[in-house]
Amino acid sequence: MKFKFLKPIVICTVLLISIVSNAQANFQGKAYYMSKTSIDTENFGPPNMNEEQKKRMAERMKSMFEKEYELTFNQTESLYKEEEILDAPGQNQRGGFGAMMSSSFTGGPEYKNIKTKDLLQEMEFFGKQFLVKDQLPTYQWQMTGDTKQIGQYTCFKATATVQSTSVSFEDFRPPRRNEDKEEETKPKEPKTINVVAWYTMQIPVNQGPADYWGLPGLILEVNAGKTTILCTKIVVNPEDKTTIKVPKKGKEVTREEYNEIVQKKTEEMRNNFRNRRGGGPGGRR
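Mature numbering (1 follows the signal peptide of the UniProt record, and there is no 0) puts the sequence shown at residues -23 to -1, 1 to 262.
In C-alpha cells form, the structure reads like this:
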C-alpha cells in the first residue's frame, strides 16, 4: 500500500528536479553598465599649457573614459561588450600622443566561462586583430558584511587586492624632454590595485563586468584604482534570448604576449614622437 503512494511521489520529485534544472539551464540575463576612469591630465600635452588649454584637453579626453557596456550572462558564460557610440567629427584628431595611441587601441567582446575558467577577448591594435586568450583571474574576495541598495537590489560588499600589468592610458603618456630613456623603457612592474565590488544575491550567478567574477551573486558595481563600473539596468530572462558566442577573430596570443606587443609599439611611437619634436637624431634643434 505504501509503495503505491511512494511511486507518484518519486515521479513528482524527478519532474520537479528536471523543471528546476531546465530553468537553470535556460536562465539568462542582461546587465548594462557605465564605466568611468579618472585621468591626471597634468602629464599630457606640453608643459607650458595654461589652465584653459588643460580644460579643453580634459573635455576632449572625457568621452574616451566614459563608456557604456552590455553584459549578457547565464549560469556559466558571459559576454561583455562596449555599446557602439559614434564619435563626433574630429573628436580624436587633436589629442596629441595619448589620444593617437588610444584611438588605435580597441577592446572587443570579452568572454568568460566560469566552468572552464576560460577568458577570451578580441583586441585591435594599430589595425591588427588579436585574440587574447587567458585563464580567469583568481580573486581572493574578502566579505565585509557591509550592504547598500543599488536600484531595487540589496548589495553586499567584497574587497580584493590584485597585481596588474595591464596596459592603461597612462602608458601612452608622451615622453618628456628631460626624461631618462632607460627609465622610460624599463619592463613594466606589476602595480597593486585595491578592488571594491558590490554584488547582489537576488541574481545568483558568479558573473560581473569586465573580468570580475567569483562572488555569490551578480556584481553590480566595481571600484578599482581610478575606474568605477556601475550597473544602470538589469533584464532577467528577456523574451529575446541571445546566443553567447565565443570570440574567435584574430591572432591568438596570451595576455602577457599582447601586453609586450603594446609596450613595444608604444616605445617605438615614443621614439618617433621624440625625434619629430627635436629630442633625438634628425629632430629640430
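Beta carbons are placed, not taken as given, at the ideal position from N, Cα and C, and that holds for glycine. Treat the numbers as computed from the prediction; the structure is a model and nothing was measured.
Can you tell me whether DSSP reads residue i as helix, strand or coil?
i, result
"Lys32", "helix"
"Asn171", "strand"
"Gln106", "strand"
"Asn51", "coil"
"Ile221", "coil"
"Lys241", "helix"
"Glu45", "strand"
"Met26", "coil"
"Glu216", "coil"
"Met246", "helix"
"Asn183", "coil"
"Arg71", "Only weak support is given to the placement of Arg71: the predicted model assigns it a pLDDT of 48, under 50, and the value that follows is read from those uncertain coordinates. Arg71 falls in the coil class under three-state DSSP."
"Glu233", "helix"
Would the beta-carbon of residue i fall within 8 Å of that of residue j?
i, j, result
"Leu96", "Gln112", "yes"
"Phe107", "Lys228", "yes"
"Cys132", "Leu48", "no"
"Glu87", "Tyr130", "no"
"Lys203", "Glu99", "no"
"Gly85", "Pro215", "no"
"Ile170", "Ala201", "yes"
"Gly6", "Phe50", "yes"
"Ser15", "Gln184", "no"
Can you list, in chain order, the residues of its chain with a C-beta nearer than 6 Å to that of residue i? Leave out the 5 residues immediately preceding and following it.
i, result
"Glu45", "Met11, Glu60"
"Ala8", "Leu48, Cys208, Ile211"
"Glu234", "none"
"Val213", "Gly6"
"Gln70", "Note that Gln70 scores a pLDDT of 46, beneath 50, so its modelled location is shaky; the value from the coordinates is reported in the next line. Excluding residues within five positions, none has a Cβ falling inside 6 Å."
Can you find the residues in the same chain that come closer than 8 Å, C-beta to C-beta, to residue i, ignoring five residues on each side of it along the sequence?
i, result
"Thr53", "Asn90, Ile91, Lys92"
"Pro114", "Leu96, Val139, Asp188"
"Val230", "Phe107, Leu108, Val109, Lys110, Ile238"
"Met26", "Met34"
If residue i sits next to residue j, beta carbons under 8 Å apart, how far is it from one beta carbon to the other, in whole angstroms?
i, j, result
"Ile127", "Trp175", "6 Å"
"Ile206", "Gly194", "Rounded, the Cβ-Cβ distance is 16 Å, inconsistent with contact."
"Thr239", "Phe42", "Going by the sequence as given, residue 239 is Val instead of Thr. Val239 to Phe42, Cβ: 18 Å. No contact."
"Val199", "Val172", "7 Å"
Counting along the chain, where does the beta strand (DSSP E) carrying residue i start and finish?
i, result
"Phe133", "130 to 141"
"Glu198", "195 to 201"
"Tyr10", "6 to 14"
"Thr124", "119 to 127"
Below 7 Å CB to CB, which residues in the same chain sit around residue i once its five sequence neighbours on both sides are set aside?
i, result
"Gln117", "Ala137"
"Lys125", "Cys132, Trp175"
"Pro186", "Tyr10, Tyr46, Leu48, Tyr57, Ile196, Val199, Ile206"
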